[in-house]
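2 protein chains.
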Amino acid sequence: MFLGQYSHNIDAKGRLAVPAKFRNDLKKAVVTQGFDNCLVLYPKKSWEQIAPKVAAMPINKESSRAVSRFILASAMDVEVDGQGRIVLPDYLRKFAGLDKKVVVAGLYDRLEIWDEDQWNKMKSATEKNSNSIAEQLSDLSTNIE
Amino acid sequence: MFLGQYSHNIDAKGRLAVPAKFRNDLKKAVVTQGFDNCLVLYPKKSWEQIAPKVAAMPINKESSRAVSRFILASAMDVEVDGQGRIVLPDYLRKFAGLDKKVVVAGLYDRLEIWDEDQWNKMKSATEKNSNSIAEQLSDLSTNIE
DNA sequence: TTTAAATTCCCCACTTATCCCCACCATTCC
DNA sequence: GGAATGGTGGGGATAAGTGGGGAATTTAAA
Numbered sequence: 010m011f012l013g014q015y016s017h018n019i020d021a022k023g024r025l026a027v028p029a030k031f032r033n034d035l036k037k038a039v040v041t042q043g044f045d046n047c048l049v050l051y052p053k054k055s056w057e058q059i060a061p062k063v064a065a066m067p068i069n070k071e072s073s074r075a076v077s078r079f080i081l082a083s084a085m086d087v088e089v090d091g092q093g094r095i096v097l098p099d100y101l102r103k104f105a106g107l108d109k110k111v112v113v114a115g116l117y118d119r120l121e122i123w124d125e126d127q128w129n130k131m132k133s134a135t136e137k138n139s140n141s142i143a144e145q146l147s148d149l150s151t152n153i154e
Numbered sequence: 010m011f012l013g014q015y016s017h018n019i020d021a022k023g024r025l026a027v028p029a030k031f032r033n034d035l036k037k038a039v040v041t042q043g044f045d046n047c048l049v050l051y052p053k054k055s056w057e058q059i060a061p062k063v064a065a066m067p068i069n070k071e072s073s074r075a076v077s078r079f080i081l082a083s084a085m086d087v088e089v090d091g092q093g094r095i096v097l098p099d100y101l102r103k104f105a106g107l108d109k110k111v112v113v114a115g116l117y118d119r120l121e122i123w124d125e126d127q128w129n130k131m132k133s134a135t136e137k138n139s140n141s142i143a144e145q146l147s148d149l150s151t152n153i154e
């Protein structure tokens with residue numbers, strides 16, 4: 010289970026260190042575009058459950074083609090190197106606006122990779138809306154003893 | 010599994026480098042016309058499963074006849090040469106509006122080949138509709154571990 | 001049939017990017 | 001304090017992408 014947030018740097022070659030805790034589960038992984046302008050990193054095993062479903066979407070519907078392109082073509086196989094780093098392809102760094110300082114966040118079954126500035130903005134925006142978020146949370150906490 | 014997007018150039022002789030990752034699976038392949046003005050490249054093995062199905066489409070419907078002509082009659086056998094390139098026939102380059110800069114996209118079981126400008130337009134159009142994409146995705150991602 | 005022109009294919013060469021390795025510093029843990 | 005671990009930077013070997021020459025083959029024309 011991936012938890013916590015880490016501040017790391019992307020170097021000149023586009024490499025990003027995977028938090029050491031998570032490396033064993035991410036030796037083989039897939040990065041792709043996420044919502045809200047971040048990248049998402051799945052363990053390969055998880056990704057292999059998603060990909061066939063996306064690929065099987067009907068090609069006669071335009072919206073389905075767009076979805077499968079959005080998800081599959083923007084994804085990239087990655088492996089951690091000897092130093093525990095992955096290489097993020099150019100087009101994904103551009104998409105997420107990644108420069109140097111990034112935040113790697115553990116979200117239970119996946120990692121999210123954010124540009125640090127955007128992460129902070131998102132965080133403060135979230136805190137302002139904490140009331141409505143609290144409402145959504147109440148649904149979840151009903152069965153805690 | 011083919012994933013990711015690659016920017017390559019078509020040279021004056023109509024040759025296109027296949028991304029090195031994919032070459033082993035595409036020593037023998039078939040290119041044909043795809044939807045949305047792109048070309049599609051199948052491994053020969055996959056093509057041999059697709060072609061009979063396309064050929065078997067009902068001949069009493071005009072739209073079916075048109076589709077099977079569209080796909081079958083424009084298909085062409087290709088092999089990667091010593092430098093890892095394939096030759097794209099004139100009529101396919103014309104069809105897809107391929108000039109020099111192209112994008113090769115991995116879509117799980119096939120590659121798509123796009124003119125770079127058209128690829129970018131399609132991408133930005135898709136990102137504008139990312140809400141509807143999110144909806145379609147929610148159906149798929151429910152059982153991610 | 002011969003010749004010329006065009007096309008295809010094979011090979012070589014150059015530039016750029018990628019990968020693998022080593023080195024360093026900071027922090028943590030014994 | 002010393003050793004181990006984690007993050008970061010960079011050099012050098014290797015591979016990938018690209019362009020072009022020239023032989024072989026095909027096509028067309030004379």
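From first to last, the protein sequence lines are chains A and Y.
Sequential numbering from 10 applies to the first sequence in the numbering used here.
Sequential numbering from 10 applies to the second sequence in the numbering used here.
By construction, the Cβ of each residue, glycine as well, lies at the ideal position given by its N, Cα and C atoms.
- Item | Buried or exposed by the 16-neighbour rule on C-beta atoms within 10 Å, applied to Phe44 of chain A | If you number the first sequence from 1, residue 44 of chain A lands on position 35. Sixteen is the threshold: since fewer than 16 other Cβ atoms of the shown chains lie within 10 Å of the Cβ of Phe44 of chain A, the residue is exposed.
- Task: Would you kindly check if the distance between the Cβ of Leu97 of chain A and the Cβ of Ser83 of chain A is under 9 angstroms?
- Result: Walking along the first sequence from the start, residue 83 of chain A turns up at place 74. Walking along the first sequence from the start, residue 97 of chain A turns up at place 88. No.
- Can you give me the Cβ contacts of Asp124 of chain A inside the same chain, cut-off strictly under 7 angstroms, excluding the 5 residues immediately before and after it? The residue given as residue 124 of chain A occupies position 115 in the first sequence. Result list for Asp124 of chain A: Ala105, Gly106, Leu107, Asp108 and Val111, in chain order.
- Query: Closer than 9 angstroms, CB to CB, is Val39 of chain A near chain Y or not?
  - Reply: Along the first sequence, one-based indexing puts residue 39 of chain A at 30. Yes, because at least one Cβ of chain Y sits closer than 9 angstroms to the Cβ of Val39 of chain A.
- Using a Cβ-Cβ cut-off of less than 9 angstroms, list which residues of the stretch 67-86 of chain A approach chain Y; keep chain order. Per Cβ criterion, the list reads Ile68, Asn69, Glu71, Ser72, Ser73, Arg74, Ala75, Val76, Ser77, Arg78, Phe79, Ile80, Leu81, Ala82, Ser83, Ala84, Met85 and Asp86.
- Message: By the DSSP assignment, the alpha helix (DSSP H) with Val63 of chain Y in it spans what residues?
- Response: For the purposes of this step, residue 63 of chain Y is taken as the residue at position 54 of the second sequence. Boundaries of the alpha helix (DSSP H) harbouring Val63 of chain Y: Lys53 to Ala64, taken from the DSSP string.
- Task: Taking only beta carbons into account, state which residues of the stretch 13-26 of chain Y come closer than 7 angstroms to chain A, listed in chain order.
- Result: Correct list: Gly13 and Gln14.
- Task: Ignore the nearest five residues each way along the sequence and tell me which others in Tyr51 of chain A's own chain have a CB closer than 7 angstroms to its CB.
- Result: By one-based count along the first sequence, residue 51 of chain A stands at place 42. If we look at Tyr51 of chain A and ignore the five residues flanking it on each side, its Cβ neighbours are Ala38, Val39 and Arg119.
- Where does Gln127 of chain A sit, in a helix, a strand or coil, going by DSSP? Along the first sequence, read from residue 1 onward, the residue named residue 127 of chain A stands at position 118. Looking at Gln127 of chain A - three-state DSSP - the assignment turns out to be helix.
- Task: State the CB to CB distance for the pair Cys47 of chain Y and Ile122 of chain Y, rounded to an integer number of angstroms; the pair is presumed to be in contact (CB under 8 angstroms).
- Result: Here residue 47 of chain Y refers to the residue found at position 38 when the second sequence is read from its first residue. Here residue 122 of chain Y refers to the residue found at position 113 when the second sequence is read from its first residue. Between the beta-carbon of Cys47 of chain Y and that of Ile122 of chain Y there is about 6 angstroms, and that keeps the pair under the 8 angstroms contact cut.
- Message: Which complete alpha helix (DSSP H) runs does the stretch 38-122 of chain Y hold, if anything under 4 residues is left out?
- Response: Listed in chain order, the complete alpha helix (DSSP H) runs (minimum 4 residues) inside the stretch 38-122 of chain Y are 53-64, 71-77 and 99-105.
- Between which two residues does the beta strand (DSSP E) harbouring Gly13 of chain A extend? Mapped onto the first sequence, residue 13 of chain A falls at position 4. Gly13 of chain A -> beta strand (DSSP E) spans Phe11 to Asn18.
- Own chain, CB closer than 7 angstroms to Leu116 of chain A, minus 5 neighbours either side, in chain order: Residue 116 of chain A sits at position 107 when you count from the first residue of the first sequence. Correct list, in chain order: Phe11.
- Does Pro61 of chain A come within less than 9 angstroms of chain Y when only Cβ atoms are used? Residue 61 of chain A sits at position 52 when you count from the first residue of the first sequence. Pro61 of chain A belongs to the set of residues whose beta carbon lies under 9 angstroms from a beta carbon in chain Y.
- Item | Reduced DSSP secondary structure (H/G/I, E/B, other) of Ala134 of chain A | As a working mapping, residue 134 of chain A is identified with position 125 in the first sequence. Residue state for Ala134 of chain A is assigned as helix, using DSSP reduced to three classes.
- Query: Around the Cβ of Thr135 of chain A, are there at least 16 other Cβ atoms within 10 angstroms (buried) or fewer (exposed)?
  - Reply: For the purposes of this step, residue 135 of chain A is taken as the residue at position 126 of the first sequence. Exposed: under 16 other Cβ atoms inside 10 Å.
- Among the residues of its own chain, which have a CB less than 7 angstroms from the CB of Lys22 of chain Y, if the five just before and after it don't count? In the second sequence, the residue the question calls residue 22 of chain Y occupies position 13. Within the same chain, Lys22 of chain Y has no close Cβ partners at all.
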